[in-house]
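Structure record follows, encoded as structure tokens.
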Amino acid sequence: MNKPLRRIAIFCGLLVLALLLRDNYVQYVQADSLRTDSHNRRVAIERYATPRGDIVVDGNPITGAAKSKKNGINDFAWKRIYKDGAMWAPVTGYASQAFDASQLEKLDDGILTGNDDRLFFRNTLDMITGKPKQGGNVVTTLNAAAQKAAYQGLLSRGKGAVAAINPQTGAILALASTPSYDPSTFAGNTNTDAKAWNKLQKKNNPDDPMLNRALRETYPPGSTFKVVTAAAALEDGLYTSADQHTDSPLPYILPGTTTELKNEGNIPCKNASMRVALRFSCNTVFGKIGADLGKEKMLTEAEKFGFNSEQLTPVRSNASVFPEKMDRPQTALSSIGQFETAATPLQMAMVASAVANNGTLMKPYMVDKLQAPNLDVISQTEPEKLSQPLSESNAQILQDMMETVVKEGTGTKAQIPNVTVGGKTGTAQHGVANSEKPYAWFISYAKLPDGSSPVAVAVVVEDGSANRDDITGGGLAAPIARDVMKAVIDSKK
1 MNKPLRRIAI FCGLLVLALL LRDNYVQYVQ ADSLRTDSHN RRVAIERYAT PRGDIVVDGN
61 PITGAAKSKK NGINDFAWKR IYKDGAMWAP VTGYASQAFD ASQLEKLDDG ILTGNDDRLF
121 FRNTLDMITG KPKQGGNVVT TLNAAAQKAA YQGLLSRGKG AVAAINPQTG AILALASTPS
181 YDPSTFAGNT NTDAKAWNKL QKKNNPDDPM LNRALRETYP PGSTFKVVTA AAALEDGLYT
241 SADQHTDSPL PYILPGTTTE LKNEGNIPCK NASMRVALRF SCNTVFGKIG ADLGKEKMLT
301 EAEKFGFNSE QLTPVRSNAS VFPEKMDRPQ TALSSIGQFE TAATPLQMAM VASAVANNGT
361 LMKPYMVDKL QAPNLDVISQ TEPEKLSQPL SESNAQILQD MMETVVKEGT GTKAQIPNVT
421 VGGKTGTAQH GVANSEKPYA WFISYAKLPD GSSPVAVAVV VEDGSANRDD ITGGGLAAPI
481 ARDVMKAVID SKK
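Under this note's numbering, read the sequence shown as residues 1 to 493, first letter to last.
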């Protein structure tokens with residue numbers, strides 16, 4: 001072979017080799033990224049080629065599927081529908097042909113569509129037998145009665161959120177947020193769906209109905225944070241009982257300043273015991289406790305309860321905040337739920353649940369198990385201890401204090417006949433110089449005669465009217481918490 005032909009042959013060989021290398025790279029190295037690329041329309045077509053599996057509550061599906069209306073641009077066979085969509089949206093999220101998916105619909109998309117690798121052998125068998133591919137199910141920990149009580153309670157109050165947890169396992173029992181939205185309204189791929197989506201966006205709707213306030217909004221927790229401060233005092237040994245008198249002068253001047261920390265109203269806070277201080281919600285007592293303990297001890301205790309860490313339920317919850325950089329007066333303010341302290345409703349439900357569970361905080365979760373189409377269990381969530389914010393003895397002291405709040409303090413509207421309820425009200429300042437209406441809070445737990453505690457709840461109402469004292473939390477948020485707790489208890493009978 002002459003020299004020019006040899007060069008051409010070598011060049012052609014190199015081209016063929018490059019083509020083979022590129023082909024193998026695309027088929028094997030890039031296969032997963034191309035298969036899941038959001039711009040690959042075949043992925044979306046496959047996702048909606050068959051009915052999605054269901055998200056299940058109390059053994060019943062809260063989702064479904066309907067045939068898509070055919071038009072010139074729609075090549076999707078099925079679309080998602082929701083039962084009581086607005087009530088369940090903070091749990092399910094949405095699955096839309098046009099706008100992708102969120103929350104459980106997104107996180108467990110592989111199971112719901114049947115494309116998860118764990119369903120490979122099942123899908124292979126169906127392919128051999130000619131059976132259409134089916135999606136699996138996501139079985140949640142939610143309690144339908146508790147969710148309904150939470151949602152309906154919030155509807156009459158405007159904006160707000162509820163989170164309820166089983167203290168003994170960490171299973172989430174309710175997760176409600178208002179205002180809400182119905183994911184069914186934009187589940188398709190039509191102009192009507194696009195209009196519904198645009199109407200829900202925050203730029204077009206300041207109420208932001210698509211915001212999951214139970215997980216993604218952090219609020220100043222106000223006086224509900226005093227439960228954490230009381231826990232820190234007990235764990236440190238600063239005070240060793242509920243009825244020991246504290247060193248709490250009245251008036252109390254914030255350390256290193258000339259600013260007086262005031263209480264709301266004429267209440268018995270001078271040298272009050274922690275039981276009395278929690279019952280009447282004395283800012284001076286708990287502010288001084290925080291300053292006396294110092295920022296490091298307060299920070300350590302807050303982080304044991306879950307502050308400054310995101311929670312995965314598996315839906316992500318924003319990290320609640322207890323400031324890491326504070327001087328003594330700021331520490332005092334942070335210890336009564338002011339300054340830069342901020343919490344999600346889930347976080348404050350975790351605080352109540354740790355107290356109810358004798359000091360043990362369980363990791364919150366809302367998916368009990370994932371099922372194959374034939375209902376075989378693919379994975380099961382096992383309860384997991386997250387931390388130990390209090391010793392058992394100190395938790396029982398704090399329980400006694402919180403139960404006093406409900407028996408004869410600001411939380412009497414949370415009482416349930418024949419059930420022991422512990423709680424704490426809170427009214428959190430809102431706006432510059434407290435110019436806006438305050439946030440009304442209530443955190444609580446229920447304890448049955450056998451000593452078990454099936455539910456802990458946190459409620460926040462954003463548009464609470466009126467009085468700037470803890471009775472606002474007791475008046476607006478406590479009845480919602482009571483109804484949620486009662487729903488859980490009644491469902492177990």
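Each residue gets a CB set at the ideal place from its N, CA and C atoms; glycine is no exception.
Residues that residue i bridges to, as DSSP identifies them
i, result
"Met-362", "Lys-385"
"Arg-80", "Ala-65"
"Trp-88", "Answer is none; Trp-88 lacks a bridge partner."
"Lys-424", "Ile-443"
"Tyr-252", "Leu-261"
"Ile-55", "Val-138"
"Asn-60", "Val-57"
"Ala-174", "Ala-164"
"Ile-416", "Val-419"
"Ala-372", "Per DSSP, none; premise fails for Ala-372."
"Leu-312", "Arg-316"
"Ala-456", "Ile-165 and Tyr-445"
Contact check, residue i vs residue j, beta carbons under 7 Å
i, j, result
"Val-488", "Pro-345", "no"
"Val-421", "Ser-444", "yes"
"Thr-169", "Gly-135", "no"
"Val-506", "Ala-291", "This structure gives no information on residue 506, because the portion of the chain shown stretches from 1 to 493."
"Thr-224", "Asn-318", "no"
"Tyr-365", "Thr-313", "yes"
"Gly-222", "Thr-427", "yes"
"Val-367", "Val-16", "no"
Spatial distance of residue i from residue j (CA atoms)
i, j, result
"Gly-59", "Ala-332", "47 Å"
"Ala-466", "Ala-230", "Residue placement at Ala-466 is poorly supported in this model, since its pLDDT is 46, which falls under 50; the coordinates still yield a value, given next. Their backbone Cα atoms lie some 28 Å apart in a straight line."
"Leu-293", "Asp-247", "13 Å"
"Phe-99", "Ala-343", "30 Å"
"Ile-62", "Gln-396", "38 Å"
"Gln-201", "Pro-90", "16 Å"
"Met-350", "Pro-206", "29 Å"
"Lys-195", "Lys-385", "45 Å"
"Ile-55", "Leu-119", "17 Å"
"Ser-393", "Asn-358", "8 Å"
"Pro-220", "Thr-50", "45 Å"
"Lys-297", "Gln-330", "14 Å"
"Asp-483", "Val-162", "11 Å"
"Ala-356", "Arg-316", "24 Å"
"Asn-495", "Ser-320", "In the structure displayed, the chain extends from 1 to 493; residue 495 sits before or after that span and is not available."
"Ser-491", "Gln-388", "29 Å"
"Asp-469", "Gly-337", "For Asp-469, the predicted model reports a pLDDT of 45, less than 50, meaning its position is unreliable; a value from the coordinates is still stated below. Computed Cα separation, rounded: 14 Å."
"Ile-289", "Thr-360", "23 Å"
Min CB distance residue i to chain B below 7 Å
i, result
"Thr-178", "Given the protein chain composition of this structure (a single chain), no chain B is represented."
Three-state secondary structure (DSSP) of residue i
i, result
"Val-351", "helix"
"Asp-207", "coil"
"Tyr-239", "coil"
"Val-432", "Reliability fails at Val-432, whose pLDDT of 46 lies under 50, so the model's placement of it is uncertain and no value is given."
"Asp-100", "strand"
"Leu-390", "coil"
"Tyr-219", "strand"
"Val-285", "helix"
"Asp-483", "helix"
"Val-367", "strand"
"Arg-7", "helix"
"Ile-378", "strand"
"Ala-187", "coil"
"Ser-273", "strand"
Kindly confirm or deny that the segment 178-185 and the segment 82-90 touch, where touching means at least three C-beta pairs closer than 8 Å.
-> yes
Pair every Cβ in the segment 412-426 with every Cβ in the segment 477-484, then say whether three or more of these pairs are closer than 8 Å.
-> yes
If we count Cβ pairs, one from each stretch, closer than 8 Å, do we get three or more for the segment 386-404 versus the segment 235-246?
-> yes
Contact between the segment 161-175 and the segment 135-152: three or more CB pairs below 8 Å?
-> yes
Pairing CB atoms from the segment 101-109 with CB atoms from the segment 18-26, are three or more of them under 8 Å?
-> no
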